[in-house]
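The working numbering puts the sequence shown at residues 31 to 67. We put the beta carbon where it would ideally sit given N, CA and C, even for glycine. Small disclaimer: the values here were computed from a predicted structure and weren't measured. What follows is a set of notes on a single structure, which appears directly below.
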Amino acid sequence: TYFFVPWQLHVYVGWFSCVAYQGAFDLIKDVKKFAEI
């Protein structure tokens with residue numbers, strides 16, 4: 031199990047950064063939409 035930790039951590043970090051990037055993109059879109067009003 032200890033051998034697989036780095037690989038799982040790498041996958042988790044990659045997934046988290048992808049989700050964070052997507053969330054930030056949606057947040058910027060919402061802010062722009064709100065600024066237009």
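Which value, in whole angstroms, describes the spacing of the CA atoms of residue i and residue j?
i, j, result
"alanine 50", "valine 43", "10 Å"
"tryptophan 62", "cysteine 48", "The amino acid at residue 62 is misidentified as tryptophan; the sequence shows lysine. Answer to the nearest angstrom: the Cα atoms are 21 Å apart."
"phenylalanine 46", "aspartate 60", "21 Å"
"alanine 54", "valine 41", "20 Å"
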